[in-house]
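J.:
Numbering (our numbering), first residue to last: 109 to 493.
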């Protein structure tokens, strides 16, 4: 018997879909890679098909647009909710890209998967519409299942309890086809978590004793980093400001022109492979809502959410504000900087938020999701044992 082929298609539509995919691939490969063939796929780019590349580019451009103009993001998420799962997926995949949809299904058939695990709704749509449909497992990295994630799959996974219970009220889901699992944080985070904050700062070459703020707006650096940085460098207390610009080269160039002061060390940087270390080394995270809030929470770092691009991000922030209790919503850069000043001058004010974040620590990790995927595979292919 040939090995079961388990496909993990990576999709860039904001980096919040890539992060959990990396976690599940590494964990599943380590636990079950000797029993199946694990296939990691840069799905839209690996064939150099211009239609597939163009479709993924459209997805990333949409994310940028929603960050620049949140009212459009809210309108789109409202429309998806209004039209429902089938129409929303058809419109988002097939209507806007009929050729790319056809090519994507053909490419997925070329990969010959027996199982497809997706962290974005589009590969799940292709898998479900193949001639020989594989087993499909869909992980939603958001706080609640949007209608795009209500599309049919053999198993759906979600990591936030409130969203799980809301979804179970719908006839589409039951205790067998929807599972609550921890959030799929990158596996290297666990080793970093064990490292002392001061040791991390020495390793990163940043001031050891300064109150440290990390500013980030997802992978594209669109938000309030610039305004926050300009305000923070005027502070007269010892601060380190780590400004993650991502792929936004213009922002990086402008922030490089800002001068550090005798009080404030400003460290702008582009896309960093060491983002987890910088997050763990910080005292507070400040930036837009999204799955980056999961990482700071994992490290016990409180956060200030300064921006929502759409309803999905608002729901994520709501989870960390009201369920976890480690996040504050403040859209005004001036007020956010005022908060940071108070926290920096009296670190005890952060303690309730820090404790709340650490108390949620067990809700992270890819192992349970890997086990749920394996159970589903064994259910369909009992001879694999």
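From the three backbone atoms N, C-alpha and C, an ideal C-beta is built for every residue, glycine too.
Since this is a predicted model, take the numbers as computed values, not measurements.
Buried or exposed for residue 49, please, with buried defined as at least 16 other CB atoms from any protein chain shown within 10 angstroms of its CB.
T.: Because the chain in this structure spans residues 109 to 493, residue 49 falls outside the shown range and cannot be described.
J.: Would you kindly report the start and end of the unbroken alpha helix (DSSP H) that includes residue 415?
T.: Within the chain shown, residue 415 is the residue found at index 307, counting from 1. Residue 415 -> not in any alpha helix (DSSP H); beta strand (DSSP E) instead, spanning 411 to 415.
J.: Could you give the distance in angstroms between the alpha-carbon of residue 175 and the alpha-carbon of residue 397?
T.: In the chain shown, the residue the question calls residue 175 occupies position 67. In the chain shown, the residue the question calls residue 397 occupies position 289. Distance between the alpha carbons of residue 175 and residue 397: 10 Å.
J.: Can you have a look at residue 245 and say buried or exposed, based on whether 16 or more other CB atoms are within 10 angstroms of its CB?
T.: Taking the first residue of the chain shown as 1, we reach residue 245 at position 137. Looking at its Cβ environment, which holds 16 or more other Cβ atoms inside 10 Å, residue 245 is buried.
J.: If you draw a straight line from the alpha carbon of residue 410 to that of residue 376, how long is it in whole angstroms?
T.: Counted from its first residue, the chain shown places residue 410 at position 302. Counted from its first residue, the chain shown places residue 376 at position 268. Those two C-alpha atoms are separated by around 21 Å.
J.: Tell me the start and end of each unbroken alpha helix (DSSP H) in the region 202 to 247 that is at least 4 residues and wholly inside, in chain order.
T.: Listed in chain order, the complete alpha helix (DSSP H) runs (minimum 4 residues) inside the region 202 to 247 are 206 to 219 and 229 to 236.
J.: Assuming residue 478 and residue 405 are in contact, meaning their beta carbons sit under 8 Å apart, how far apart are those beta carbons, in whole angstroms?
T.: Residue mapping note: residue 478 aligns to position 370 of the chain shown, counting from 1. Residue mapping note: residue 405 aligns to position 297 of the chain shown, counting from 1. So it is not a contact: roughly 21 Å between Cβ atoms.
J.: Pull up the distance between the alpha-carbon of residue 214 and that of residue 181, whole angstroms please.
T.: Along the chain shown, read from residue 1 onward, the residue named residue 214 stands at position 106. Along the chain shown, read from residue 1 onward, the residue named residue 181 stands at position 73. Using only the alpha carbons, I get a separation of about 30 Å.
J.: Going by the beta-carbon positions, is the gap between residue 337 and residue 347 smaller than 8 Å?
T.: One-based indexing of the chain shown puts residue 337 at position 229. One-based indexing of the chain shown puts residue 347 at position 239. Not a contact, by the Cβ cut-off of 8 Å.
J.: Please classify residue 128: is it buried, with 16 or more other beta-carbons within 10 angstroms of its beta-carbon, or exposed?
T.: What you label residue 128 is simply residue 20 of the chain shown in a count that begins at 1. By the 10 Å Cβ count, residue 128 comes out buried.
J.: Are the region 309 to 317 and the region 154 to 168 touching, with three or more C-beta to C-beta distances below 8 Å?
T.: The answer is no - the region 154 to 168 does not touch the region 309 to 317, with fewer than three Cβ pairs under 8 Å.
J.: Apart from the five residues on each side of it in sequence, which residues of its chain come closer than 7 Å, Cβ to Cβ, to residue 473?
T.: Along the chain shown, one-based indexing puts residue 473 at 365. Excluding residues within five positions, the ones whose Cβ falls inside 7 Å are 290 and 293.
J.: Comparing C-alpha positions only, which one of 446, 353 and 250 sits nearest to residue 98?
T.: Any answer about residue 98 is impossible in this case: the structure gives the chain only from 109 up to 493.
J.: Is the beta carbon of residue 295 less than 8 Å from the beta carbon of residue 425?
T.: Taking the chain shown and counting its residues from 1, the one referred to as residue 295 is at position 187. Taking the chain shown and counting its residues from 1, the one referred to as residue 425 is at position 317. No. Outside cutoff.
J.: On the DSSP bridge assignment, give the partners of residue 148 in chain order.
T.: Taking the first residue of the chain shown as position 1, residue 148 is located at position 40. Answer is 116, bridged to residue 148.
J.: According to DSSP, is residue 299 helix, strand or coil?
T.: The sequence position of residue 299 within the chain shown is 191, counting from 1. DSSP places residue 299 in helix when its eight states are reduced to three.
J.: In or out: residue 325 buried (at least 16 other Cβ within 10 Å) or exposed?
T.: Taking the chain shown and counting its residues from 1, the one referred to as residue 325 is at position 217. Looking at its Cβ environment, which holds 16 or more other Cβ atoms inside 10 Å, residue 325 is buried.
J.: When burial is assigned at 16 or more other CB atoms within 10 Å of the CB, is residue 273 buried or exposed?
T.: Translated into the one-based positions of the chain shown, residue 273 becomes position 165. Under this definition residue 273 is an exposed residue.
J.: Closest to residue 443 by C-alpha separation, out of 414, 432, 430 and 171, would be which residue?
T.: The residue labelled residue 443 in the question sits at position 335 within the chain shown. Closest option to residue 443, Cα to Cα, is 414.
J.: Only counting the same chain, and skipping five residues up and downstream in sequence, which positions put a Cβ closer than 8 Å to that of residue 344?
T.: Looking up residue 344 in the chain shown gives position 236. So the qualifying residues of the chain are 371.
J.: To the nearest angstrom, how far is it from the Cα of residue 227 to the Cα of residue 430?
T.: Working through the chain shown from its first residue, we reach residue 227 at position 119. Working through the chain shown from its first residue, we reach residue 430 at position 322. Their backbone Cα atoms lie some 25 Å apart in a straight line.
J.: Could you check if residue 177 is buried or exposed, using at least 16 other CB atoms within 10 Å of its CB as the buried criterion?
T.: Translated into the one-based positions of the chain shown, residue 177 becomes position 69. By the 10 Å Cβ count, residue 177 comes out exposed.
J.: Buried or exposed: residue 432, going by 16 or more other Cβ atoms within 10 Å of its Cβ?
T.: Reading the chain shown from its first residue, position 324 is the one you call residue 432. Under this definition residue 432 is a buried residue.
J.: Does DSSP put residue 377 in a helix, a strand or coil?
T.: Within the chain shown, residue 377 is the residue found at index 269, counting from 1. Note: residue 377 maps to strand in three-state DSSP.
J.: Which two residues bound the contiguous beta strand (DSSP E) that contains residue 345?
T.: Numbered from 1 along the chain shown, position 237 holds the residue referred to as residue 345. Per DSSP, residue 345 belongs to no beta strand (DSSP E) and is neither H nor E.
J.: Classify residue 153 as helix, strand or coil using the three-state DSSP reduction.
T.: What you label residue 153 is simply residue 45 of the chain shown in a count that begins at 1. Correct three-state label for residue 153: coil.
J.: Does the separation of the CB atoms of residue 251 and residue 278 fall below 8 Å?
T.: On the chain shown, position 143 is the one that residue 251 refers to. On the chain shown, position 170 is the one that residue 278 refers to. Contact flag unset, no.
J.: Have a look at residue 350 and residue 121 and give me their C-alpha separation to the nearest angstrom.
T.: As a first step, residue 350 must be located in the chain shown, where it is residue number 242. As a first step, residue 121 must be located in the chain shown, where it is residue number 13. If I take the Cα positions, the gap works out to 24 Å.
J.: With distances taken between CB atoms, is the gap from residue 116 to residue 148 smaller than 8 Å?
T.: Taking the chain shown and counting its residues from 1, the one referred to as residue 116 is at position 8. Taking the chain shown and counting its residues from 1, the one referred to as residue 148 is at position 40. Going by C-beta atoms, residue 116 is nearer than 8 Å to residue 148.
J.: In its own chain, which residues sit with a C-beta less than 6 Å from the C-beta of residue 255, not counting the 5 before and 5 after it?
T.: Counting from 1 along the chain shown, the entry for residue 255 is found at position 147. Closer than 6 Å at the Cβ level, and outside the excluded window around residue 255, lie 188, 189, 192, 193 and 196.
J.: Assign residue 332 to one of two classes, buried (16 or more other C-beta atoms within 10 Å of its C-beta) or exposed (fewer than that).
T.: Taking the chain shown and counting its residues from 1, one reaches residue 332 at position 224. Buried.
J.: When the Cα of residue 387 is compared with those of 309, 422 and 153, which residue comes out closest?
T.: If you number the chain shown from 1, residue 387 lands on position 279. Considering only alpha carbons, the answer is 309.
J.: Rank 363, 354 and 419 by C-alpha distance to the C-alpha of residue 335 and give the top, closest one.
T.: Looking up residue 335 in the chain shown gives position 227. Checked all of 363, 354 and 419; the closest Cα to residue 335 is 363.
J.: Taking the alpha-carbon positions, what's the residue 223 to residue 476 distance?
T.: Within the chain shown, numbered from 1, the residue matching residue 223 stands at position 115. Within the chain shown, numbered from 1, the residue matching residue 476 stands at position 368. Whole-angstrom Cα-Cα distance: 18 Å.
J.: Measuring alpha carbon to alpha carbon, tell me which residue in 403, 134, 491 and 448 is nearest residue 301.
T.: Taking the chain shown and counting its residues from 1, the one referred to as residue 301 is at position 193. Residue 301 has its Cα closest to that of 403, out of 403, 134, 491 and 448.
J.: Mind checking which residues open and close the alpha helix (DSSP H) that includes residue 363?
T.: Position 255 of the chain shown, counted from the start, is the residue given in the question as residue 363. Segment 357 to 364, the alpha helix (DSSP H) holding residue 363.
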